[in-house]
Amino acid sequence: MKTHFMLEVRGFNAGETDIRDRLARDPILAADPQLAYVYEAVYEAVYDNPDGLKYCAVLCIGHADRVPAGSEDNRRAEEEKAAQERADNARSWILEMVNDLAYSAGYSPQQDWPNVERAVAYQVGVGAASLATPPGTLSAGLKNRRVEIVIAGVNVDVIDTYDDQKFVLGV
């Protein structure tokens, strides 16, 4: 059965684009078990799949807050760059976490996403085109600077368990 869920990590500082840095600043967030749902789902599809009937797809969507100064073109370029870097970093972080699980279980880690079987991951940055809240305050900026991770799968127990749910972590 095809199912999906979404996890959103908020609270990136201005200029901060790596999810690893975001998690390092907040040990409570880093320890949240909901973060593990994403990479555990990929691990299940890739390594805990003796019949080869489990598949999953991951989409990392990076977001930015409005940049307050500069020309419209320069602001948009900065917003798009930050959002794309957030998405890129989230995608690489997921593979890193899957590899940590694989290594711990005695498997050889995957070097990059194209070599991963039965799982794919994509990333896109949308700049400040989809704000979580109107910009202009520090609090709003922390909510707007975020990464959404959508994970869909076929026959993946972790995904089936949380089907159609959205988890928002941080700020």
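Residue numbers (UniProt numbering): 1 to 171. Glycine residues also receive a C-beta, built at the ideal position from the N, C-alpha and C atoms. Being a predicted model, the structure only gives us computed values, none of them experimental.
Buried is the label assigned to residue 17, since at least 16 other Cβ atoms lie within 10 Å of its Cβ. In the three-state DSSP reduction, residue 14 falls in the coil class, being neither helix nor strand. Within the DSSP bridge table, the entry for residue 123 names 60 as partners. In this structure residue 110 is in contact with residue 95, their Cβ atoms being roughly 7 Å apart against a cut-off of 8 Å. By the C-beta criterion, the stretch 145 to 152 is judged to be in contact with the stretch 5 to 19, since at least 3 inter-stretch pairs fall below 8 Å.
For residue 171, no alpha helix (DSSP H) run applies, since DSSP gives it neither H nor E.
Nearest to residue 85 by C-alpha distance, out of 72, 15 and 117, is 15. Following the DSSP letters along the chain, one finds residue 76 inside the alpha helix (DSSP H) bounded by residues 72 to 104. Excluding its 5 nearest sequence neighbours in each direction, residue 23 has C-beta neighbours in its own chain below 7 Å: 29 and 30, listed in chain order. The criterion of a C-beta distance shorter than 8 Å is not satisfied by residue 59 and residue 169. From the listed residues 127, 123 and 135, the smallest Cα separation to residue 74 is found for 127. The C-alpha of residue 46 lies about 22 Å from the C-alpha of residue 165. Residue 20 counts as exposed, since fewer than 16 other beta carbons sit within 10 angstroms of its beta carbon. DSSP lists 147 and 169 as the beta-bridge partner residues of residue 9.
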